[in-house]
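Below is one structure; the comments refer to it alone.
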Amino acid sequence: MKNALAIALLASAFVLSGCNTSVGVDNADTHEGQFSNVTGTLVTRYSADPEAVFNSVKRTLDSMRGTLRTGETDERGANKELISVTVYARTVGDLEIKIDVAKAEDEITKAAFTKVTVKYGFFGNLPESQQIVSKISSNLRR
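Numbers in our numbering are just positions in the sequence shown, counted from 1, shifted up by 1.
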């Protein structure tokens, strides 16, 4: 019985800790993103300010066929600068797209960047998330 409990705890620890995979993304600032198999999210970063990335996200979702932007929630600082925003959209099959844009700082270099997290559908979809990141990057370069 003790062995079965230990094995069950070990197995649940592996499942809950998940697996982050480095994947390629079409992003001029960094060509690598992190995809979490547990949460189904793709995370990348941009050197542009959060407001510019947020506008690019809106342009991206508005240009995608069969996709409707349904809302957003934002957090602004004392000077009305954008700190973070979550953009929600729905696509064919009533799948939810959730994109988080947040101001962040590298712990080591203390350099500021904008962190973008994309989740496509309930379980996440890596290829679709990569396409969205590619379109955000393309709209950001204009």
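All C-beta atoms, glycine included, are put in the ideal place defined by N, C-alpha and C.
Relative to the alpha-carbon of residue i, which residue among the options has its alpha-carbon at the smallest distance?
| i | options | result |
| --- | --- | --- |
| Ile137 | Asn4, Thr110 and Ser64 | Ser64 |
| Ser135 | Val54, Leu96, Arg77 and Thr22 | Val54 |
| Ile84 | Asp50, Ser139 and Asn56 | Asp50 |
| Glu52 | Gly78, Asp27, Asp107 and Arg66 | Gly78 |
When you compare the CB positions of residue i and residue j, do they come within less than 8 Å of one another, or not?
| i | j | result |
| --- | --- | --- |
| Ile109 | Tyr121 | no |
| Gly25 | Gly125 | no |
| Phe114 | Ser48 | yes |
| Ser130 | Val117 | no |
| Lys104 | Thr87 | no |
What number of angstroms, rounded off, separates the C-alpha of residue i from the C-alpha of residue j?
| i | j | result |
| --- | --- | --- |
| Arg142 | Ala5 | 55 Å |
| Ser57 | Asn140 | 5 Å |
| Arg70 | Pro128 | 20 Å |
| Phe123 | Leu43 | 13 Å |
| Asp95 | Asp27 | 26 Å |
| Gly67 | Glu82 | 31 Å |
| Asn21 | Glu106 | 20 Å |
| Glu97 | Ser23 | 23 Å |
| His59 | Gly72 | What sits at residue 59 in the sequence shown is Lys, not His. Between Lys59 and Gly72, the C-alpha separation is close to 10 Å. |
| Ala112 | Glu76 | 21 Å |
Taking all protein chains shown into account, decide if residue i is buried (16 or more other Cβ within 10 angstroms of its Cβ) or exposed.
| i | result |
| --- | --- |
| Thr74 | exposed |
| Leu46 | For the record, residue 46 in the displayed sequence is Arg; it is not Leu. Label assigned to Arg46: buried. |
| Val102 | buried |
| Val39 | exposed |
| Asn80 | exposed |
| Thr61 | buried |
Would the region 83-92 count as touching the region 25-42 if we require 3 or more Cβ pairs under 8 Å?
The region 83-92 makes no contact with the region 25-42: fewer than 3 CB pairs, one atom from each, lie closer than 8 Å.
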